[in-house]
Amino acid sequence: MARWDKPTSSGIPDWFWTAVETNSASSQVEVEECDVAYQTWGSPQDGPGVLLIHGMNAHKHWWDFIAPQLRPGYYVVAMDLTGMGDSDFRYEYDAETYAAEIAGVCDAAGLDNDVVVVGHSFGGRMAAKAVSGNPARFGSLVLVDSGIRHPDEPEPDYPTMGGGRAKVYPSREAAESRFRLFPPQSCENEYLLKYIAKKSLLYMDGGWGWKFDEELPMVLKDAEAMPEDFTGLHVPTALIYGANSVSFTEQTHSYVASLLPKLVAAHRIEEAQHHVFLDQPLKFVAALRQVLDDLTKVH
0 MARWDKPTSS GIPDWFWTAV ETNSASSQVE VEECDVAYQT WGSPQDGPGV
50 LLIHGMNAHK HWWDFIAPQL RPGYYVVAMD LTGMGDSDFR YEYDAETYAA
100 EIAGVCDAAG LDNDVVVVGH SFGGRMAAKA VSGNPARFGS LVLVDSGIRH
150 PDEPEPDYPT MGGGRAKVYP SREAAESRFR LFPPQSCENE YLLKYIAKKS
200 LLYMDGGWGW KFDEELPMVL KDAEAMPEDF TGLHVPTALI YGANSVSFTE
250 QTHSYVASLL PKLVAAHRIE EAQHHVFLDQ PLKFVAALRQ VLDDLTKVH
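Per numbering that gives the first Met the number 0, residue 0 is the first one in the sequence shown, and the count goes up by one each step.
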């Protein structure tokens, strides 16, 4: 990716450019009649495998500035769940199908049964369902600001997602200017938002639109987080969450921790909200590397 030809780009830290300019390879695998896209950094011979899974309406490029920082020492893969990113859209979506996609990418990418699965938000919940349903296929799990809210804790009043006609903008610039995080939050690292926005668009219907299925929330089934998804996680599991997250409060942290039979670590990232690795990317990488080192030693 060419460096942005604007004066403001001079304030972007070198570590970011080093990461996003690191070579990677793109591929895809067919799972239940849909192509599932994924990206790899390195090869299976490089060390323990790590699979990164994005949140709702996100995609594999959210990890472009994180994945290279996990190397050397790890073979890293990031995937697009169907309905998002460069993967195909389905007529309907469910947790069982997403579990098949996660396993399918692991198989296609050469990730063995000791793979560490890292899932953010919705991706973490789908990963939990996949791992609890097939523990022999996965080595361990890292939930990033992802879990199940305490039964006594009220849900935040978020805006409704999706269900409308796909938005099409007349220019790429117009679309990029409309990029927003969900759940809504501020983020001081505008260069990360700008990078993700650029990677979130495709040309469609005479304009530019987002790389996700607007109908997904309306046709998604059996995807609600359930306590048994976490009590059934009989693999080493770690938590990383934002200290200021409205999605993963201390009450939620305590509740999720009480459900996990093999909780090995919990890292609270200060000055971070739900999108932990956008707010504090370097602190997140440090925490994740520590977790990965600990989890791969467990095996």
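Ideal Cβ positions, reconstructed from N, Cα and C, are used throughout, including at glycine.
Residue i versus residue j: straight-line alpha-carbon distance, rounded
i	j	result
P134	G10	44 angstroms
V234	R136	10 angstroms
T236	G205	46 angstroms
N188	A286	19 angstroms
T17	T248	33 angstroms
L69	T295	13 angstroms
V19	F64	5 angstroms
A224	G138	21 angstroms
E270	D278	7 angstroms
A66	K282	14 angstroms
G46	L142	21 angstroms
F178	N112	37 angstroms
M0	W14	Because the pLDDT of M0 is 48, which lies under 50, any placement of that residue in the model is unreliable, and the question is left without a value.
K210	D292	33 angstroms
D4	S170	Its pLDDT being 46, under 50, D4 is placed unreliably by the model, and nothing is read from it.
D93	S25	25 angstroms
P226	L140	16 angstroms
P12	G41	24 angstroms
K197	E175	7 angstroms
P71	L110	16 angstroms
Q184	E29	35 angstroms
Residue j beta carbon less than 8 angstroms from that of residue i
i	j	result
Q27	V35	yes
G54	G122	yes
G208	L219	no
P260	L191	no
A98	K59	no
V76	Y37	yes
A126	T39	no
V130	L232	yes
H274	V290	no
W61	I195	yes
R255	F276	Rather than Arg, the amino acid found at residue 255 in this sequence is Val. No, they are not a contact pair.
E152	T251	yes
D87	C33	yes
D221	E31	no
P182	P155	yes
Counted within 10 angstroms of its Cβ, other Cβ atoms place residue i as buried (16 or more) or exposed
i	result
S246	buried
S257	exposed
N22	exposed
E100	buried
Y90	exposed
C105	buried
S244	buried
Y202	exposed
Bounding residues of the alpha helix (DSSP H) (the contiguous stretch that carries residue i)
i	result
L215	L215 to V218
W241	One detail in the question is off: residue 241 reads as Gly in this sequence, not Trp. Run containing G241: none in the alpha helix (DSSP H); it sits in the beta strand (DSSP E), T236 to G241.
V275	V275 to D278
L201	From DSSP, L201 is part of no alpha helix (DSSP H) but of the beta strand (DSSP E) over L200 to M203.
A77	Premise fails: A77 lies in the beta strand (DSSP E), Y74 to M78, not in any alpha helix (DSSP H).
Boundaries (first-last residue) of the beta strand (DSSP E) holding residue i
i	result
R124	Not the beta strand (DSSP E): R124 falls in the alpha helix (DSSP H), residues F121 to G132.
R267	L262 to I268
L142	S139 to V143
I382	The shown model of the chain, from 0 to 298, leaves out residue 382, and the question about it has no answer.
Q38	C33 to W40
Q27	A24 to V30
Residue i CB to nearest heavy atom of the ligand HEM below 7 angstroms
i	result
L262	For the structure depicted, the ligand HEM is absent and the ligand set is empty, with no information on it obtainable.
Spell out a yes or no on whether the stretch 234-248 and the stretch 139-149 are touching, meaning 3 or more CB-CB pairs, one atom from each, closer than 8 angstroms.
-> A contact is defined here as three or more CB-CB pairs under 8 angstroms, and the stretch 234-248 meets this definition with respect to the stretch 139-149.
Decide if the stretch 113-123 is in contact with the stretch 44-60; the criterion is three or more beta carbon pairs, one per stretch, under 8 angstroms apart.
-> Touching, per the Cβ criterion.
Is the stretch 73-90 in contact with the stretch 206-218, if contact means three or more CB pairs nearer than 8 angstroms?
-> The way I'd put it, the stretch 73-90 does touch the stretch 206-218; three or more beta-carbon pairs between them come closer than 8 angstroms.
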